[in-house]
Structures are given as structure tokens and as C-alpha cells.
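J.:
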């Protein structure tokens, strides 16, 4: 007796996200409120553009909204004298408190995790995807501080980015730092297809914006606030804007620092690179998949239900 096994074949398409994001604040303590808010501002803008938390690794050590010194409990707002919008709502932290450290940050950048790291904390990097990393905190000539206890040095950044290039963990990468002497952390980076932006140059400071009368501390830094307004008010409406357009927003009169852009992409300048390629997601790439058995058909059904939700 011959038994024929019938395999059902279905042609379908599954989307692959194009962009991955790492949002990092390196500072803890209440008086570094602005650095947590800087990161949350960028995070919430990505969420407003419907970027999934699966594509974002959010690393913030200080939970400012729940700090006992916060006289507006449960609220984290970026605007002076205001309690809304509360950007602490609906935040999916991947790493917080002491888990925000150099080791875990390197794990995320290198796409290598120990076996105890849950899948929800893992960011999947590949050569088909663009990567944007935004980091802010306290820094100086060739370093940035991590929670005021350890330092990330420029030669370590060079080593990590070179390994990322070798392992093909990105198609193109855009790394941004908002700190004192920010660009000096990136000046040794030679990895190809990387764009590096620092809010300040050697010997310069990164200044806070204003002082909130409710909390009696600064809420944001000038560079991040400028970036936030540009993303929200300009790039959102005109996705053809380039990195040159973004750089024009960082004028010295307001920021009191010279922001610097380094482009390690052959034959490309800032006027040739659309900012939306990194900041704002495009339509997902459709990847053709052949389904050949009942298990795959069931997976496809669940996938279609998710897409239609």
C-alpha cells in the first residue's frame, strides 16, 4: 500500500522591518532628569511613527516619573511649566537601573546575548537593516560616562563598530551622541557605511534648555530638544529632507556648541542622505516565503490576523 502525503503549498509574503533603534541614556540620579527625558523624547517620536517596540532597544537607568523627589508623581514631561504630555506612559523599557551598563550596551551593539537574556530584550541586527543609535549623558574628550561609575572610551567605540562591520550587523548605521565633547567619542571610528553625529566638539559643553518652575531643574538638553522639534514639525511633514537640513538646525547662537557630522559612506555627503531613511520607517520589505505544511499554514493564518488587528 502506497501512502501519498499531500503537502499544501501557499505563496505568501512576510514583512521584514528595515530599521532598528537603540535609545540610550547613560546617566542616573534625579538631577540628571533631562537625560532620561532626552531619550524618552526620541523614543516617543519613534512610537508616534508606529515603530514597534520589537525594533527598539530602550536603555534608561533612571525612572524619573517614579522618583520620590518628583512632585508630580508618575509624570515625565519635556516642556517647562507643563505636566502634559506625559511621555512616561506606555513605555517599554528593555534595560533600566543597574542593567544599563557598558556590558549590556555592548551586547546589544554586537547582537550577542547570554542565554539568560529574554527574547523581548533582544534586538535583531542584520545587514539588510539600517541602525540608528541615539545616546546622551555626560562625556568629555574621547569618552562618555556610564552612570558616573564607568567610562566608554573612544578606542572601545572604534573596536565595537569595527566588529559590527565585520559581522555585517547593519546596512548603514547612524550613531548620535548628545554630551560634552560628543563627537570625540566617534572620531576614531573607521567602520564603513556609518554616519556619526556629535552635539558638540572638542572642549565644548552640551547645555540644558531652560529650567522648569515646577521641578526647579532643567528638563531637556538643547541639542535633543532641537532634534525633537525638527523630527516632529519638519521631517514628519517632509520626508525628503536630508541630513544637511538636519544639521542646519544646530546653530551656534542657541546651542553654544559646534555640532559635527562624520560620514563614512563612500561618495556621499550630507545633502545626499535622506534623514527619513534612518529616522522614519518606510513600508516593510515583503519577503517571499513558501509554506509547505500545516504548521506553516497555521503560522501564516496567525500572521495575517496580526496584520489585520
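In my numbering, the protein residues as written are 1223 to 1531. Built from N, CA and C at the ideal position, the CB exists for glycine as well.
Taking just the CA atoms, how far does residue 1251 sit from residue 1378?
T.: 25 Å
J.: How do the stretch 1287-1299 and the stretch 1308-1320 stand: do at least 3 beta-carbon pairs fall below 8 Å, yes or no?
T.: By the Cβ rule, the stretch 1287-1299 counts as touching the stretch 1308-1320, because three or more pairs are nearer than 8 Å.
J.: Quick check on the DSSP output: what are the complete alpha helix (DSSP H) runs of length 4 or more inside the stretch 1358-1445, in order along the chain?
T.: 1376-1388
J.: Under the rule that 16 or more other beta-carbon atoms within 10 Å means buried, what is residue 1366, buried or exposed?
T.: buried
J.: For residue 1420 and residue 1401, I'd like the C-alpha separation in whole angstroms.
T.: 8 Å
J.: Rank 1269, 1494, 1301 by C-alpha distance to the C-alpha of residue 1314 and give the top, closest one.
T.: Nearest in C-alpha terms to residue 1314, of all of 1269, 1494, 1301, is 1269.
J.: To the nearest whole angstrom, what separates the beta carbons of residue 1418 and residue 1397, a pair I think is in contact under 8 Å?
T.: 5 Å
J.: At which residue ranges does the stretch 1266-1295 contain complete alpha helix (DSSP H) runs of 4 or more residues, listed in the order of the chain?
T.: As summarised for the stretch 1266-1295, there are no continuous alpha helix (DSSP H) elements at least 4 residues long confined to that stretch.
J.: How many angstroms separate the CA atom of residue 1495 from the CA atom of residue 1464?
T.: 5 Å
J.: Between 1278, 1240, 1363, 1500, which lies nearest to residue 1404 when the distance is taken from Cα to Cα?
T.: 1363
J.: Return the chain-ordered ranges of every alpha helix (DSSP H) run that is complete within the stretch 1439-1486 and spans a minimum of 4 residues.
T.: At a cut-off of 4 residues, the continuous stretches assigned as alpha helix (DSSP H) that sit fully inside the stretch 1439-1486 are 1444-1452, 1465-1469, 1474-1477.
J.: So what's residue 1493 in DSSP terms, helix, strand or just coil?
T.: Of the three classes helix, strand and coil, the one that applies to residue 1493 here is helix, per DSSP.
J.: In its own chain, which residues sit with a C-beta less than 7 Å from the C-beta of residue 1452, not counting the 5 before and 5 after it?
T.: 1468, 1471
J.: Taking all protein chains shown into account, do 16 or more other C-beta atoms lie within 10 angstroms of the C-beta of residue 1500, making it buried, or fewer, making it exposed?
T.: Flag for residue 1500 reads buried.
J.: Tell me, please, which residues DSSP counts as bridged to residue 1352.
T.: 1241
J.: Go through its chain and collect everything with a Cβ distance to residue 1345's Cβ below 6 Å, but skip five positions before and after it.
T.: 1242, 1279, 1330
J.: For residue 1248 versus residue 1357, is the C-beta spacing smaller than 9 Å?
T.: yes
J.: How would you write the range of the alpha helix (DSSP H) that residue 1502 sits in, first residue to last?
T.: Here residue 1502 belongs to no alpha helix (DSSP H), and DSSP marks it neither H nor E.
J.: What residues are listed by DSSP as bridge partners for residue 1247?
T.: 1358
J.: What residue range is occupied by the uninterrupted alpha helix (DSSP H) comprising residue 1325?
T.: Counting along the chain, the unbroken alpha helix (DSSP H) around residue 1325 starts and ends at 1324-1332.
J.: Would you mind stating whether residue 1368 and residue 1316 have Cβ atoms separated by less than 9 Å?
T.: no
J.: Report, in whole angstroms, the separation of the C-beta atoms of residue 1261 and residue 1244, which I expect to be a contact under 8 Å.
T.: Their Cβ separation, rounded to whole angstroms, is 10 Å, which puts residue 1261 and residue 1244 out of contact at 8 Å.
J.: Assuming residue 1302 and residue 1441 are in contact, meaning their beta carbons sit under 8 Å apart, how far apart are those beta carbons, in whole angstroms?
T.: The pair is a contact, with the Cβ atoms about 6 Å apart (cut-off 8 Å).
J.: Give me, in chain order, the residues of the same chain whose beta-carbon lies closer than 6 Å to that of residue 1431; leave out the 5 immediate sequence neighbours on both sides.
T.: 1442, 1444, 1447
J.: Between the Cα of residue 1411 and the Cα atoms of 1359, 1475, 1387, which residue gives the shortest distance?
T.: 1387
J.: Ordered along the chain, which non-local residues of its own chain (more than five positions away) have a Cβ less than 6 Å from that of residue 1284?
T.: 1250, 1258
J.: Less than 6 Å between C-beta atoms, sequence neighbours within five positions excluded: which residues of the same chain meet that for residue 1399?
T.: Result list for residue 1399: 1357, 1407, 1420, in chain order.
J.: Let me make sure I understand the geometry here. Which of 1461, 1479, 1433, 1476 has the alpha-carbon closest to that of residue 1300?
T.: 1433
J.: Does the CB of residue 1503 have a neighbour CB from chain C at under 9 Å?
T.: Included in the structure is just one protein chain, with no chain C present.
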